[in-house]
Amino acid sequence: VGGKLPPSFLEPNKHGVRGAVEKAFMSTTTNRDVAMAYATSEPSKASLAFEIQQSMIDCGADVSHFSQHPFEKEILFPPYTGVEFLEGKVDNSLRVAKSRCSVNLKSLTLEQTVAKRLKLLKDMGANMELEVRRWFLGREGRGRCDLADVGKLVEAGVLALRARLGLLLASEAKIYNDDGDFLWTVNLMVETKKAACDDGGA
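Residue numbering for the sequence shown follows this note's numbering, starting at 1217 and increasing by one per position.
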């Protein structure tokens, strides 16, 4: 907007690519008049606008329905969007940088970010199920019960553990982001796993 292209857009890197990565949200528009208004808002500076190609995957989100200025037809790209410079052209007194965007598909959604601790606990629970199975099928488990009953004990122990863990992990994801609640849940999960083994081996 009203400026010059940075050096990375002018000189290809070692891979022959020109461009940069936008670390913040990137606001664009499908309304050319809006783009031109922003690009020429400071007459004393060089006018520059980006003409961006989108694809089915590498695309921004239409946020015009949530905007205070819906007429701007805003398309919002997420942080760490790659902007590759393809070619430049001059339209009257405006310099246009034709570019292609690559969206960072590895970024977590807001919901996934909030639920990171809950996911950790669920993964921990799945691992506990494997530990219970190994306990019953291992030497210690087999030494405390008849071999014919091992299969039944394995399933009973795992099902009991799964049901109890399900109750512990049934709260909203944000609950587990509290350190106290998180530690309390971890401790109860460990005790629940021990109880599943003890109950099955009794």
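Even for Gly, the Cβ is constructed at its ideal location relative to N, Cα and C.
Predicted model only: the values in this text are computed from it and were never measured.
(1) Quick one: grab the DSSP three-state call for K1314.
(2) Compare the C-alpha of T1297 against each of S1315, L1310, R1311 and F1287 and name the closest.
(3) Could you tell me the boundaries of the alpha helix (DSSP H) in which A1265 lies?
(4) Closer than 7 Å to a non-hydrogen atom of the ligand MN - does that hold for the CB of S1315?
(5) Could you give the distance in angstroms between the alpha-carbon of K1335 and the alpha-carbon of H1231?
(6) Taking only three categories from DSSP, how would you classify R1344?
(7) Tell me, please, which residues DSSP counts as bridged to V1163.
(8) Would you call T1325 buried or exposed, if buried means 16 or more other Cβ atoms sit within 10 Å of its Cβ?
(9) Under three-state DSSP, which class holds S1243?
(10) Among R1350, Y1254 and N1247, which has the Cα closest to the Cα of P1286?
(11) What would DSSP say about I1273, mapped onto helix, strand or coil?
(12) Using the C-alpha atoms, what's the distance from T1329 back to G1357?
(13) Taking 8 Å as the threshold (C-beta atoms), are F1225 and A1331 in contact?
(14) Helix, strand or coil for E1303? Go by DSSP, reduced to three states.
(15) Is the CB-CB distance between T1244 and F1293 below 8 Å?
This is what the structure gives:
(1) Strand.
(2) Nearest C-alpha to T1297 among S1315, L1310, R1311 and F1287: S1315.
(3) Where A1265 is concerned, there is no enclosing alpha helix (DSSP H), although the beta strand (DSSP E) it sits in stretches over S1263 to Q1269.
(4) The ligand MN is absent from the structure shown, which contains no ligands of any kind.
(5) C-alpha separation (whole angstroms): 38 Å.
(6) The question names Arg, yet the displayed sequence has Met at residue 1344. For M1344, the three-state secondary structure derived from DSSP is helix.
(7) A query on residue 1163 cannot be resolved here, the shown segment of the chain reaching from 1217 to 1418 and no further.
(8) By the C-beta density criterion, T1325 is exposed, having fewer than 16 other C-beta atoms within 10 angstroms.
(9) Looking at S1243 - three-state DSSP - the assignment turns out to be strand.
(10) Taking only the C-alpha atoms, the option nearest P1286 is N1247.
(11) Looking at I1273 - three-state DSSP - the assignment turns out to be coil, as it is neither helix nor strand.
(12) Only weak support is given to the placement of G1357: the predicted model assigns it a pLDDT of 48, under 50, and the question is left unresolved by the model.
(13) Result no, Cβ atoms of A1331 and F1225 do not sit closer than 8 Å.
(14) Correct three-state label for E1303: strand.
(15) A contact, by the Cβ cut-off of 8 Å.
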